[in-house]
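If you count by this note's numbering, then the sequence shown holds residues 23 to 358, one letter each, in order.
First comes the structure, then the notes that go with it.
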Amino acid sequence: MNLFCKAAVALTAVIAFGAAPASAAPYKAEYTVSTVLPAPFPWGIAADKWAALVKERTQGRINLKVYSNAQLVSGDQTKEFSAMRQGIIDMAIGSTINWSPQIKELNLFSLPFLLPDHAAMDRLTQGPVGEKLFEVLRKKGVEPLGWAENGFRQVSNSKHPIRTPEDMAGLKIRVVGSPLYNDIFSALGANPTQMSWADAKPALTTKAVDGQENPITVFKIAKIQAVGQAFMTRWNYVNDPLIFAVNKRVWASFTPADQKILREAAIEAGKAGIVASREGDDAAAKEIQAEGVTITTLTPEERAAFVAKTRGVYADWAKKIGPDLVKMAEKSISQK
Ligand code: X2X
């Protein structure tokens with residue numbers, strides 16, 4: 023076939039099958055999506071729903087494959103953001119805690135006792151703070167799409183009820199990989215130790231640590247009550263939202279129409295995950311109580327003692343996160 027014939031064949035193909043998409047890059051057969059917790063955790067519910075919606079709305083042209091337990095980064099959840107930015111993984115639905123070692127601004131949600139309730143959380147993620155954080159993420163090489171939620175985090179331990187900061191003295195507590203958590207638990211007199219999720223349950227089982235902190239839905243679904251964690255304090259000291267994001271080059275390879283589908287599906291799936299987390303909390307509390315876990319709820323005065331002990335950490339980290347961003351967040355929260 024001479025060159026002219028080849029061109030004619032190609033032209034006929036374009037006429038027959040419609041113009042090629044504006045983007046030249048061919049789509050991959052599968053896109054990797056990293057998460058930590060699989061379904062039935064609210065995190066996994068959001069991830070699976072995203073994959074299902076995208077598949078349905080692209081008639082199977084875009085396939086998202088969810089890899090949980092941070093397996094794409096060998097279980098080291100604090101490496102997830104870097105791996106996505108570098109393109110080792112295509113997409114992720116990540117906790118702000120796990121990405122905060124690379125994105126200091128995401129420590130905002132871990133400022134102790136910043137968030138009074140879910141409405142405050144929504145005012146942050148759905149308002150100017152959320153926009154600002156998405157700008158930061160964009161500058162760091164990923165395209166953020168939407169929010170889900172791991173949930174308000176509660177502390178548990180195997181020794182005794184925690185009602186005052188003094189009750190935390192010397193308790194060895196597993197925390198996730200942001201140094202802010204070391205500072206919070208040290209300020210409360212506990213002995214924090216950083217560990218990935220993969221190592222957390224074994225450490226609780228062998229009593230290498232006395233306690234941990236996670237949302238109640240996570241505690242219940244992971245059956246943390248079965249490894250001797252008999253005491254939980256519902257203190258709502260932080261909440262970690264989850265962010266849907268895509269590597270920048272991968273994002274650019276999608277047509278605008280497909281980008282829209284991915285974004286809308288992420289927002290919708292995120293909402294389902296948020297409902298699962300929030301509605302799941304009380305039900306999970308009842309279930310673990312029925313299984314023998316003592317749940318301590320703090321009075322406002324008791325809670326104030328924990329707030330007072332962690333004010334210094336709040337002030338230090340507000341400087342690191344960015345005083346303007348923290349002020350913007352405090353303002354959004356107070357505007358009821
Ligand atoms: O490791 C944890 O505690 C978890 C599952 O909640 C996160 O990934 C932040």
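All C-beta atoms, glycine included, are put in the ideal place defined by N, C-alpha and C.
Nearest-residue set for the ligand GDP, Cβ under 6 Å from any heavy atom: Absent from the structure shown: the ligand GDP. Ligands present: the ligand X2X.
Rounded C-alpha distance that separates V95 from K101: Their Cα atoms are separated by approximately 6 Å.
Residue nearest to K270 in terms of C-alpha spacing, selected from S104, D338, V198, G66: Sorting S104, D338, V198, G66 by C-alpha distance to the C-alpha of K270 places S104 at the top.
Spatial neighbours of M254 in its chain, beta-carbon cut-off 6 Å, leaving aside the 5 residues before and after: Q176, S178, V315, I317
Same chain, Cβ closer than 7 Å to V164, neighbours up to 5 away in sequence not counted: M106, R107, A267, V268, N269, K270
Contact under 7 Å by Cβ, A351 with V151: yes
A327 versus E188 - alpha carbon distance: 10 Å
For A191, the three-state DSSP class (helix, strand or coil): It is coil, neither helix nor strand.
Residue span of the alpha helix (DSSP H) that contains P224, given as start and end: 219 to 227
From I84, M190, H140, residue whose alpha carbon lies closest to that of T54: I84
Pairwise C-alpha distance: A312 and G192: 28 Å
Residue range of the unbroken beta strand (DSSP E) whose run includes I119: Run containing I119: none in the beta strand (DSSP E); it sits in the alpha helix (DSSP H), 118 to 121.
Cβ pair count under 8 Å reaching 3, the segment 256 to 266 against the segment 285 to 300: yes
Beta-bridge pairing of R196 - partner residues as DSSP gives them: Answer by DSSP bridge pairing, in chain order: T215, Q234.
Segment contact flag, the segment 58 to 74 with the segment 111 to 122, C-beta cutoff 8 Å, min 3 pairs: yes
Residues near M113 in its chain [Cβ-Cβ closer than 8 Å; skip 5 each side]: Excluding five sequence positions before and after M113, the CB atoms of its chain that fall closer than 8 Å to its own CB belong to Y53, T54, V55, S56, L86, M106, F266, A267, V268, N269, V272, given in chain order.
Environment of A274 [buried if 16+ CB atoms lie within 10 Å]: A274 comes out exposed.
CA-to-CA distance, W65 to L132, given in whole angstroms: The question names Leu, but residue 132 in the sequence shown is Ser. Using only the alpha carbons, I get a separation of about 18 Å.
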